[in-house]
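See structure below.
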Amino acid sequence: MSMTVNGVSVGLPDDPRVSLLDLLRDHLGLPGTKKGCDQGACGACTVLADGERIVSCLALAVQYAGRSITTIEGLGTPDALHPLQRAFIEQDGFQCGYCTPGQICSAVGMIEELRRGVPSHVTADLAADRIAPTPEELRERMSGNLCRCGAHNGIIAAIAGTVAEAAA
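What follows is the structure, given as structure tokens:
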């Protein structure tokens, strides 16, 4: 059994108890995905599974057999940053940087949710085909990703700018 991580096929661990987070960090040497609370509450370990954001600390690696996982390392390179990576730098969307990989992966998944018209708790019109990326909408959707440094304003500005740029 295998899965694809950042475009590369990798084997699954023999031990079915290994979390996806531990597979990424300890077995595959991808340190970008961070271990925060190890309880699914902080979002530091957020990655994309077939484009959907998940907290990898609560996922068993074997559950993702045959699926595609994207980590922060798979979004861009130092020479070719993902638009959200660039925006986080430009908008000071990080301080210590520990939560940044999870924030960016979550934002990538969240932007796709907006494009598909998936409502959130604060979406005013549940029947709308398009959901406006208001600051309230973005904050609600990113509420599962904590920043203990207080860079939330820069994070929201980076996401809002990227969404606006993509829509133009």
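If you're matching positions, the sequence shown starts at 1 in UniProt numbering and goes up one per residue. We put the CB at the ideal spot given by N, CA and C, even for glycine.
Need the endpoints of the beta strand (DSSP E) that residue 48 sits in, please. Your numbering for residue 48 matches position 48 in the sequence shown. That run of the beta strand (DSSP E) goes 46-49.
Tell me residue 3's beta-bridge partners as DSSP assigns them. By one-based count along the sequence shown, residue 3 stands at place 3. DSSP, once it has assigned bridges, lists 10 as partnering residue 3.
contact_flag[the segment 82-94, the segment 17-27] where n(CB pairs < 8 angstroms) is 3 or more: no
First and last residue of the alpha helix (DSSP H) that includes residue 69? Indexing the sequence shown from 1 puts residue 69 at position 69. Careful: residue 69 lies outside any alpha helix (DSSP H), inside the beta strand (DSSP E) at 68-70.
Specify whether the segment 44-51 and the segment 93-105 touch according to this definition: at least 3 beta carbon pairs, one from each stretch, less than 8 angstroms apart. Yes: at least three Cβ pairs fall under 8 angstroms.
Under a Cβ-count criterion, where at least 16 other Cβ atoms within 10 Å of its own Cβ denotes burial, should residue 162 be classed as buried or exposed? One-based indexing of the sequence shown puts residue 162 at position 162. Residue 162 is buried by the Cβ-count criterion.
Rounded to the nearest angstrom, how far is the Cβ of residue 69 from that of residue 3, given a contact under 8 angstroms? In the sequence shown, counting from the first residue as 1, residue 69 sits at position 69. In the sequence shown, counting from the first residue as 1, residue 3 sits at position 3. 6 angstroms between Cβ atoms; contact.
Helix, strand or coil for residue 81, going by three-state DSSP, please let me know. Counting from 1 along the sequence shown, the entry for residue 81 is found at position 81. Look at residue 81 here: in three-state DSSP terms it is coil, with no helix or strand label.
Starting from the Cα of residue 111, find the closest Cα among 159, 96, 66 and 155 and give me that residue. Within the sequence shown, the letter at position 111 stands for residue 111. When only C-alpha atoms are compared, the closest one is 159.
Just mark residue 142 as buried or exposed, buried being the case when its beta carbon has 16 or more other beta carbons within 10 Å. Against the sequence shown, residue 142 aligns to sequence position 142. Answer is buried; the Cβ neighbour count reaches 16.
What are the partner residues of residue 19, as DSSP defines its beta bridges? If you number the sequence shown from 1, residue 19 lands on position 19. Residue 19 is bridged to 60.
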